[in-house]
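Going line by line, the protein sequences match chains A and B. Residue numbering for the first sequence follows this note's numbering, beginning at 1 and increasing consecutively. Residue numbering for the second sequence follows this note's numbering, beginning at 1 and increasing consecutively. Think of the CB as a built atom: it goes at the ideal place given N, C-alpha and C, for glycine as much as any other residue. Keep in mind that this is a model prediction, so the values were computed, not measured. Data first, discussion second: the structure below is written as structure tokens.
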Amino acid sequence: MNVIEIKNLTKNYGKSRGITDISFNVEEGEIFGFIGPNGAGKSTTIRTLLSLIYPTSGSAAIFGKDCIQYAPEIKKEIGYLPSEVFYYDNMKVKDLLNYSASFYKKDCSKRIKELAEIMDLDLNKKIDDLSLGNKKKVGIVQGLLHSPKLIILDEPTSGLDPLMQQKFFELLEEENKKGATILFSSHILSEVQRLCNRVAIIKEGKIVTVEKISTLKENNYKKFKVETKEPLDANYFNLDGINNLTVDGPITSFLFRGNINAVMQKIAAIDIANLWIEEPDLEEIFMHYYEKEA
Amino acid sequence: MNIFLKELKSHRKSLIFWCIGVFLMVASGMMKYETYKSSGQSLEDMIKELPKSLRAVLGFNDLDVTKASGYFGMLVIYLLLMATIHAAMLGAAIIAKEERDKTSEFLFVKPVSRHTIITAKLLAAFVNIVIFNLVTFASSVMLLNQYSDGEDVTGNIAVNMAAMFILQVLFMVIGTALAAWKRRPKNAASQAAGILLLTYVLSIAIDLNEKMENLKYLTPFKYFEAKNIMDGGGLDGVFVLISMVLIAVLTAVTYLCYRKRDLSA
């Protein structure tokens, strides 16, 4: 069953581009990544799903119901964490969370306590006095306190320290095990890779590809940078799957896709001073997809 | 219900300040009345001799300012201005603030329709306005009775408060309609205040220039003037009707525009 079905969704802001003809589905029980650079249209898509804005054309359904027409009904089962959290400043954390809970017709007080404990959040502080990271924690608790069936996260990790990110991901995985579907929007590939089963890649308002993470990884380039004492001969790494090789004095760098052992043996055979192997950043993955299309 | 209570709570402090303000306004105004009263007939004659335009600018009308109720009739325009500024700003702010403070992503992802949210907000603003009106009423009755020498002032105050109430609701929905309609809701409060100032200036211009008499339909400040409604004059049915129609239309505009609105991030 599809929890989210997006069909030919288009949103224009006056003359400027929003999103164009976006279609993809999110299946029940999966953690679906939604990835793209800033300004690609991730938030626009999400805000349309939540009927904060209305589509120019196309439609989207959540739980099989039109997301505009049945908005109040489907929102009972949606938890949302915006990329930037803003709350009524003159409220205490506790009051805000209780206010949030008062919209759902169930008792959330126990869950609020649990979540606050996991996220190490002081309920008695004023929201005014919280740091960015702590506000984000309020957002997390606020988004999860009613145990929603669909969790929508828009760049949720910004402002969280690594320890909290870790706890947050564990929390999400736990919710997912309990049956929640998660739509996870991000521009950070590593966190999407860590959590998600499938991803949709969006660029300039259009979906570039919808792919399983495992497939994406197989097709992935790795960035190699090797530092040697003596400059290397440019033909030394004469292997299949090597691209963009440049030799700049002692530094040799290239992109590689394929069996990593072959490259490692080549590297092991020379005397190196330093070595960097990096996952490519998003732009490079996009390049990869555009090359494939061309 | 929860939104309604939340709105009441978040506007409570500002309402208290406005109420203190209006009380002080009536109090300070009535303190000056002491001077008018003691000067007796001579002042009345002097005011009558002033050119009409100067009287209009100074706010004197045809009421007898040596009587407590007549003096209050002169004062009432300042209370009206205060009440309508409060109402217009409140109306604009209560709708616009979710986007202004970026809390729209909190409230509008909750399982409630926009219609429900607007209704709760309008009701909360309405309650604020009623309280403001009642406080003004009570302050006026209390303070005027200190100076009235047995003159029965309650009826004259009541009719002014009824007029004030209509104008308050009118300017409140001007504020809400602007906030719902405009792309940048942040500016709604200042625009509502601008409209208010413009219509007020127009009302003075009409006082100064008889040829502009027909423009009185354009400015709510000419609808229920103290000199016309006091001492048994009552509210003019035509203007009550115009106000009701305007209020209904602007309320509808508020709902319709907000329903279709793309909420800014």
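Item                                                                                                                                   : Value
Residue 30 of chain B to residue 68 of chain B span [Cα, whole Å]                                                                      : 8 Å
Terminal residues of the alpha helix (DSSP H) in which residue 106 of chain A lies                                                     : Note, residue 106 of chain A: premise wrong, no alpha helix (DSSP H); not H, not E.
Neighbourhood of residue 47 of chain A by C-beta distance below 6 Å, restricted to the same chain and skipping five residues each side : 53
Buried versus exposed call for residue 17 of chain B [16 or more other C-beta atoms within 10 Å across all chains shown]               : exposed
Interface residues of chain B facing residue 102 of chain A [CB-CB closer than 7 Å]                                                    : 2
Residue 18 of chain B Cβ short of 7 Å to the ligand ADP heavy atom set                                                                 : The ligand ADP is not part of the structure shown, which contains no ligands of any sort.
Beta strand (DSSP E) segments (min. 3 residues) lying fully within the segment 141-167 of chain A                                      : 150-154
Simplified DSSP state of residue 41 of chain A, which is helix, strand or coil                                                         : coil
Whole-angstrom distance between residue 211 of chain A and residue 199 of chain A, CA atom to CA atom                                  : 6 Å
Extent of the continuous beta strand (DSSP E) run through residue 33 of chain A                                                        : 31-35
Own chain partners of residue 240 of chain B with C-beta closer than 6 Å, once the 5 adjacent residues on each side are dropped        : none
Cross-strand partners of residue 59 of chain A (DSSP beta bridge)                                                                      : A:7
Simplified DSSP state of residue 227 of chain A, which is helix, strand or coil                                                        : strand
Validate contact between the segment 154-165 of chain B and the segment 119-138 of chain B using beta carbons, cut 8 Å, 3 pairs        : yes
Residues of the segment 53-66 of chain A with Cβ closer than 9 Å to any Cβ of chain B, in chain order                                  : 53 and 54
Neighbouring residues, chain B, relative to residue 73 of chain A (Cβ below 8 Å)                                                       : 111
For residue 213 of chain A, the residue or residues it bridges with in DSSP                                                            : Residue 213 of chain A pairs with nothing; no bridge assigned.
DSSP beta-bridge partners of residue 79 of chain A                                                                                     : A:151
Stretch-stretch touch, CB-based, cutoff 8 Å, three pairs: the segment 177-184 of chain B with the segment 92-102 of chain B            : yes
Residue 20 of chain A versus residue 6 of chain A: straight-line alpha-carbon distance, rounded                                        : 12 Å
Helix, strand or coil at residue 260 of chain A according to DSSP, with G and I counted as helix                                       : helix
Residue 40 of chain A to residue 130 of chain B span [Cα, whole Å]                                                                     : 48 Å
Rounded straight-line distance, which links the Cα of residue 170 of chain A to that of residue 115 of chain A                         : 12 Å
CB of residue 171 of chain B within 8 Å of CB of residue 196 of chain B, strictly                                                      : yes
Below-8 Å beta-carbon distance, residue 78 of chain A vs any chain B residue                                                           : yes
Spatial neighbours of residue 256 of chain A in its chain, beta-carbon cut-off 7 Å, leaving aside the 5 residues before and after      : 221, 222, 224, 241, 242 and 263
DSSP beta-bridge partners of residue 201 of chain A                                                                                    : A:35 and A:209
Alpha carbon of residue 184 of chain A to alpha carbon of residue 277 of chain A, nearest angstrom                                     : 27 Å
Residue from A:95, A:132, A:72 and A:80 whose Cα sits closest to the Cα of residue 112 of chain B                                      : A:72
First through last residue of the alpha helix (DSSP H) which encompasses residue 157 of chain B                                        : 154-181
Segment limits, beta strand (DSSP E) that includes residue 259 of chain B                                                              : Taken as a continuous stretch (DSSP letters only), residue 259 of chain B belongs to no beta strand (DSSP E), being part of the alpha helix (DSSP H) at 237-260.
Residue 26 of chain A - partner residues in DSSP beta bridges                                                                          : A:4
Candidates B:155, B:151 and B:132: closest to residue 167 of chain B by CA position                                                    : B:132
C-beta neighbour in chain A for residue 17 of chain B, strict 8 Å                                                                      : no
Whole-angstrom distance between residue 245 of chain A and residue 294 of chain A, CA atom to CA atom                                  : In this prediction, residue 294 of chain A has a pLDDT of 46, which is less than 50 and means its spatial position is unreliable; nothing more can be read from the coordinates.
Bridge-paired residues (DSSP) for residue 66 of chain A                                                                                : A:61
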